[in-house]
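>
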Amino acid sequence: MKATVEWMDGVSFAAESETGHRVVMDGPPDLGGRDLGPRPMEMLLMGMGGCASFDVLGMLEKSRQDVESCVAELDAERADAVPAVFTKIHLKFIVSGRGLKEAHVKRAVSLSAEKYCSASIMMEAAGVEVTHSYELVELSS
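For the sequence shown, this note's numbering begins at 38 and goes up steadily by one.
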């Protein structure tokens, strides 16, 4: 896997993946940015949420769950010192659908956390306390 990150100006950078997708990262105005995009650490957090969501939805699809929406809310804490690394990250999955079986959702979240999500498993290996939870929302037919 490869990527490039090109400095634009100030503290703005354009990142491009090897698949050709681009995203702008920027800092806040008080650090010389123009707030044109997410901060680099926000990108790490969002990437972790995307990775875990990909796993959870794939497993729920395979178990034939009628999922209407799945939202991963991530809440992270960072060290007060430099480097301001993540110290804790909590992922909460809010899964909405019809006739959802809690056992399937619980299993999907657990398997993502323990076996499949490269991003969250990498964070844990780096010493970040990573926790997971879920909430089911039953939609009327």
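Positions of the beta carbon are idealized from the N, C-alpha and C atoms, including for glycine.
Small disclaimer: the values here were computed from a predicted structure and weren't measured.
(1) Excluding five sequence neighbours on each side, which residues of the same chain lie with their C-beta closer than 7 Å to the C-beta of residue 153?
(2) Use the C-beta contact count for residue 157: other C-beta atoms within 10 angstroms, 16 or more gives buried, fewer gives exposed.
(3) Are the CB atoms of residue 244 and residue 109 nearer to each other than 9 Å?
(4) I need the DSSP call for residue 46, collapsed to helix, strand or coil.
(5) Where does residue 100 sit, in a helix, a strand or coil, going by DSSP?
(6) Alpha helix (DSSP H) containing residue 148: first to last residue?
Quick answer:
(1) Excluding the 5 residues flanking it on each side, residue 153 has same chain C-beta neighbours closer than 7 Å at 92, in chain order.
(2) When all chains shown are included, residue 157 counts as buried.
(3) Given that the chain is displayed from residue 38 to residue 178, the structure contains no residue 244 and the question cannot be resolved.
(4) In the structure shown, residue 46 adopts extended strand secondary structure according to DSSP, grouped into three states.
(5) Correct three-state label for residue 100: coil.
(6) That run of the alpha helix (DSSP H) goes 139-148.
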